[in-house]
DNA sequence: AGGGCTTCGTGCAGAATTTCACAAAGTTAA
DNA sequence: TTAACTTTGTGAAATTCTGCACGAAGCCCT
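Listed below in structure tokens is the structure:
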């Protein structure tokens, strides 16, 4: 059988493409027309060879001796990441974070309009958050189908997060952005990205402590040194 | 020279330890006393061998044939991650997100109290956000020294984020949690964790599109199949 | 036209990470 | 005590990711 399936981009490269895109959008806004892998590498804080390899997964869109064209590359990255269309988002959990996401207008212009928000609390159902009315979570399937939702954001309490995930998957969603500090049990056919500030802070804590210990042991060493 | 320096834990393992810790805290709350690497692996959604190897970086704290003790492991992970003490956080940027972080009480109990918030907008300086008064960013150095701040969270606009980072580093901060969608230019001695929902959504978008294309090509194949 | 210069694309080696597989070490039960 | 069973800890293989190094290809200047 002929290799019809799409060229697969390594996960690590996929995670960097949005960062490149962000930088290229900035370059474009400042009227930069062309860039070299060296320049993008410096801006992205990575190795130039890595930039070239990452971009080469999209195809050979550079010109040797010249570099890459900003607008053309933006187009290619957007195509590859699936950003030529909009992906509708539904928020599950109308708490502080959920409502903030629903009101925040920053995602629609970037291609991810929040088109619905649901909750299971009768007191919240029917209330307005920005332009959206909170729906009953039991209507999730219908809402997903009617509004062609493809991404679900879980902003419930930790205890409700797993059933929120179950409901989303039941409704046909295969992409989940999870804000609850819990590892969701989901089939491998579903993608999840976790956003957990506690985890991020704890990772920082580890390296911070590491630095402190190194400094301490150096000082220790110095004060132990026998003066000649 | 004797190997005084701390056993170094691989970055990938460091990033998983907070997740294990979260799960173990839950187990502890439900009165679970012991667990096996298989059980934790299932809960964390990873391979059991990986769990054992990750935990082995802390030392040999399991018992063969039995498993690990929840409370003891919690203690060891906390020690290793540097969670035996508090790490004070300062928020730079008193916008929606910055104020939300300052008001949100969820970090203090987990060892990361937000002890200050600064901005450069005279209209915001002096205002109250929760229990904190917004300080002038020019007082950052003093604030960091007086309140023993070790972590800075950047919640400014994108355009102000780099100077916020510069100010934090100038003030002696070496751990930054960055919410602005920009790659910060910082010396290698400083740790940064980026939290960018746009990036997360775009990664989801890639895999979502991938799935759709695969389904499409399968349907294509089926309809092309010659019936016998 | 041709030499010099720049920058891409990529093979390859090395590093990091993941996974397998199994001996070691413990428990349980008769 | 011994045999059967469980589960850890860890070498080693497999996989993924990174970074170097260099040929290929284009531009510019004379």
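Chains as they are written, first to last, in this note's numbering: chain D, 3 to 230; chain A, 3 to 230. The beta-carbon is built from N, C-alpha and C at its ideal position, and this holds for glycine as well.
Exercise for the section: Have a look at residue 7 of chain D and residue 120 of chain A and give me their C-alpha separation to the nearest angstrom. Expected result: For the purposes of this step, residue 7 of chain D is taken as residue 5 along the first chain, with counting starting at 1. For the purposes of this step, residue 120 of chain A is taken as residue 118 along the second chain, with counting starting at 1. Note that residue 7 of chain D scores a pLDDT of 44, beneath 50, so its modelled location is shaky and nothing firm can be said.
Handout entry: Reduced DSSP category for residue 105 of chain D - H, G, I as helix; E, B as strand; rest coil
Key = Position 103 of the first chain holds residue 105 of chain D. Three-state DSSP puts residue 105 of chain D in a helix.
Practice task
Kindly list, in the order they appear in chain A, the residues whose Cβ is closer than 9 Å to that of residue 41 of chain D.
Solution key: Here residue 41 of chain D is taken as the residue at index 39 of the first chain, counted from 1. Going along chain A, no residue has its Cβ under 9 Å from residue 41 of chain D, so there is no contact; the nearest lies around 13 Å.
Exercise for the section: Please list the partners that residue 147 of chain D has in chain A, where partner means a Cβ-to-Cβ separation under 8 Å. Expected result: In the first chain, the residue the question calls residue 147 of chain D occupies position 145. Within chain A, no residue comes near residue 147 of chain D; the closest Cβ sits about 16 Å away, beyond 8 Å.
Problem - Reference residue 106 of chain D; option with closest CA among D:89, D:83, D:131, D:86 - result: To locate residue 106 of chain D, count along the first chain from 1; it is residue 104. The residue among D:89, D:83, D:131, D:86 with its C-alpha nearest the C-alpha of residue 106 of chain D is D:131.
Exercise for the section: Please check the pair residue 153 of chain A and residue 103 of chain D, which I expect to be a contact at CB under 8 Å, by giving their CB distance rounded to whole angstroms. Expected result: Sequence index remark: in the second chain, residue 153 of chain A carries index 151 (1-based). Sequence index remark: in the first chain, residue 103 of chain D carries index 101 (1-based). Contact annotation, residue 153 of chain A with residue 103 of chain D: C-beta distance approximately 24 Å; criterion of less than 8 Å not satisfied.
Handout entry: Within 9 Å of chain A by C-beta, residues of the stretch 198 to 225 of chain D in sequence order
Key = 198, 199, 200, 201, 202, 203, 204, 205, 206, 207, 208, 209, 210, 211, 212, 213, 214, 215, 216, 219, 222, 223
Handout entry: Straight-line gap, residue 134 of chain A to residue 95 of chain A (C-alpha atoms, nearest Å)
Key = The residue given as residue 134 of chain A occupies position 132 in the second chain. The residue given as residue 95 of chain A occupies position 93 in the second chain. Approximately 13 Å, taken between the alpha carbons.
Practice task
Would you kindly check if the distance between the Cβ of residue 172 of chain D and the Cβ of residue 211 of chain D is under 8 Å?
Solution key: Along the first chain, read from residue 1 onward, the residue named residue 211 of chain D stands at position 209. Along the first chain, read from residue 1 onward, the residue named residue 172 of chain D stands at position 170. Not closer than 8 Å, so no.
Exercise for the section: State the DSSP-derived secondary structure class of residue 58 of chain D, mapped to helix, strand or coil. Expected result: The residue you call residue 58 of chain D lines up with position 56 of the first chain. Looking at residue 58 of chain D - three-state DSSP - the assignment turns out to be helix.
Handout entry: Residues near residue 25 of chain D by beta carbon distance below 7 Å, same chain, minus five either side
Key = Position 23 of the first chain, counted from the first residue, corresponds to residue 25 of chain D. Around residue 25 of chain D: 42, 45, 46.
Handout entry: Three-state secondary structure assigned by DSSP to residue 70 of chain A
Key = Working through the second chain from its first residue, we reach residue 70 of chain A at position 68. Correct three-state label for residue 70 of chain A: strand.
Practice task
Could you give the DSSP three-state label for residue 135 of chain D: helix, strand or coil?
Solution key: Walking along the first chain from the start, residue 135 of chain D turns up at place 133. Residue 135 of chain D falls in the strand class under three-state DSSP.
Practice task
Could you say which of D:23, D:138, D:177 lies nearest to residue 184 of chain A if we only look at CA atoms?
Solution key: By 1-based counting over the second chain, the position of residue 184 of chain A is 182. Taking only the C-alpha atoms, the option nearest residue 184 of chain A is D:23.
Exercise for the section: Work out the CA separation of residue 27 of chain A and residue 34 of chain A for me, nearest whole Å. Expected result: Translated into positions along the second chain, residue 34 of chain A becomes position 32. Translated into positions along the second chain, residue 27 of chain A becomes position 25. If you take the alpha carbons of residue 34 of chain A and residue 27 of chain A, they lie about 10 Å apart.
Handout entry: Proximal residues of chain D, C-beta to C-beta of residue 78 of chain A below 9 Å
Key = Within the second chain, residue 78 of chain A is the residue found at index 76, counting from 1. The premise fails here: residue 78 of chain A is roughly 13 Å from chain D at the closest Cβ pair, so nothing lies under 9 Å.
Exercise for the section: Would you check if there are 3 or more beta carbon pairs closer than 8 Å linking the stretch 49 to 57 of chain D to the stretch 180 to 195 of chain A? Expected result: Contact annotation: the stretch 49 to 57 of chain D does not touch the stretch 180 to 195 of chain A, with fewer than three C-beta pairs closer than 8 Å.
Exercise for the section: Please state if the CB of residue 113 of chain A and the CB of residue 85 of chain A are separated by a distance shorter than 8 Å. Expected result: As a first step, residue 85 of chain A is located in the second chain; it is residue number 83 there, counting from the start. As a first step, residue 113 of chain A is located in the second chain; it is residue number 111 there, counting from the start. Taking a C-beta distance under 8 Å as the contact criterion, residue 85 of chain A and residue 113 of chain A qualify as a contact pair.
Exercise for the section: On the DSSP bridge assignment, give the partners of residue 177 of chain D in chain order. Expected result: For this step, residue 177 of chain D is matched to residue 175 along the first chain. According to DSSP, which records beta bridges pairwise, residue 177 of chain D is partnered with D:153, D:193.
Exercise for the section: Would you mind giving the Cβ-Cβ distance between residue 90 of chain A and residue 111 of chain A, rounded to the nearest angstrom? I have them listed as a contact below 8 Å. Expected result: Locating residue 90 of chain A in the second chain gives position 88, counting from the first residue. Locating residue 111 of chain A in the second chain gives position 109, counting from the first residue. About 14 Å; that fails the 8 Å criterion.
Handout entry: Spatially closest choice to residue 56 of chain D from D:158, D:68, D:151, D:79, by CA coordinates
Key = Taking the first residue of the first chain as position 1, residue 56 of chain D is located at position 54. Here the closest residue by C-alpha is D:79.
Practice task
Label residue 68 of chain D either buried or exposed according to how many other C-beta atoms from any shown protein chain fall within 10 Å of its C-beta, with 16 as the threshold for buried.
Solution key: Locating residue 68 of chain D in the first chain gives position 66, counting from the first residue. Counting the other Cβ atoms within 10 Å of the Cβ of residue 68 of chain D gives fewer than 16, which makes it exposed.
Problem - 8 Å Cβ cut-off: residues of chain A touching residue 85 of chain D - result: Numbered from its first residue, the first chain carries residue 85 of chain D at position 83. The answer, in chain order, is 204, 207.
Practice task
Please go through the same chain and pick out, in chain order, the residues whose beta-carbon is closer than 7 Å to the beta-carbon of residue 228 of chain A, but skip the five residues on each side of it.
Solution key: Taking the second chain and counting its residues from 1, the one referred to as residue 228 of chain A is at position 226. Because residue 228 of chain A sits at a pLDDT of 47, beneath the cut-off of 50, its placement in the model cannot be relied upon, and the point is left open.
Problem - Own chain partners of residue 38 of chain D with C-beta closer than 7 Å, once the 5 adjacent residues on each side are dropped - result: Stepping through the first chain from its first residue, residue 38 of chain D is reached at position 36. Exclusion of the five residues before and after residue 38 of chain D leaves 69 as the residues of its chain whose Cβ lies within less than 7 Å of its Cβ.
Exercise for the section: Report all residues from its chain with a CB closer than 7 Å to the CB of residue 72 of chain D; omit the five preceding and five following residues, and keep chain order. Expected result: Here residue 72 of chain D corresponds to residue number 70 of the first chain, with the count starting at 1. Same-chain partners within the cutoff: 26, 29, 30, 34, 35, 36, 37.
Practice task
Find out if the Cβ-Cβ distance for the pair residue 309 of chain A, residue 63 of chain A is shorter than 8 Å.
Solution key: Outside the displayed span of chain A (3 to 230) sits residue 309 of chain A, for which this structure offers no information.
Problem - C-alpha distance - residue 138 of chain D paired with residue 87 of chain A, whole-angstrom precision - result: Walking along the first chain from the start, residue 138 of chain D turns up at place 136. Walking along the second chain from the start, residue 87 of chain A turns up at place 85. One C-alpha to the other measures close to 43 Å.
Problem - residue 28 of chain D, enclosing alpha helix (DSSP H) - first and last residue - result: Locating residue 28 of chain D in the first chain gives position 26, counting from the first residue. Unbroken alpha helix (DSSP H) run through residue 28 of chain D: 13 to 31.
Handout entry: Neighbour-count burial assignment, residue 125 of chain A, 16 or more Cβ in a 10 Å radius
Key = For the purposes of this step, residue 125 of chain A is taken as residue 123 along the second chain, with counting starting at 1. Exposed: under 16 other Cβ atoms inside 10 Å.
Exercise for the section: Kindly list, in the order they appear in chain D, the residues whose Cβ is closer than 8 Å to that of residue 50 of chain A. Expected result: Within the second chain, residue 50 of chain A is the residue found at index 48, counting from 1. Chain D residues near residue 50 of chain A: none, gap ~15 Å exceeds 8 Å.
Exercise for the section: Determine the DSSP secondary structure at residue 171 of chain D, reduced to helix, strand or coil. Expected result: By one-based count along the first chain, residue 171 of chain D stands at place 169. The answer is helix: DSSP assigns residue 171 of chain D an H, G or I state.
Exercise for the section: Check whether the Cβ atoms of residue 136 of chain A and residue 174 of chain A lie closer than 8 Å to each other. Expected result: Within the second chain, the letter at position 134 stands for residue 136 of chain A. Within the second chain, the letter at position 172 stands for residue 174 of chain A. No, the pair does not count as a contact, with Cβ atoms beyond the cut-off.
Problem - Buried or exposed by the 16-neighbour rule on C-beta atoms within 10 Å, applied to residue 158 of chain A - result: Walking along the second chain from the start, residue 158 of chain A turns up at place 156. So residue 158 of chain A counts as buried.
Practice task
Let me know the secondary structure DSSP gives residue 130 of chain D once reduced to three states.
Solution key: Position 128 of the first chain, counted from the first residue, corresponds to residue 130 of chain D. Residue state, collapsed to three classes: strand.
Practice task
Consult DSSP for residue 158 of chain A and reduce its assignment to one of helix, strand or coil.
Solution key: Taking the first residue of the second chain as position 1, residue 158 of chain A is located at position 156. Coil at residue 158 of chain A, not helix or strand.
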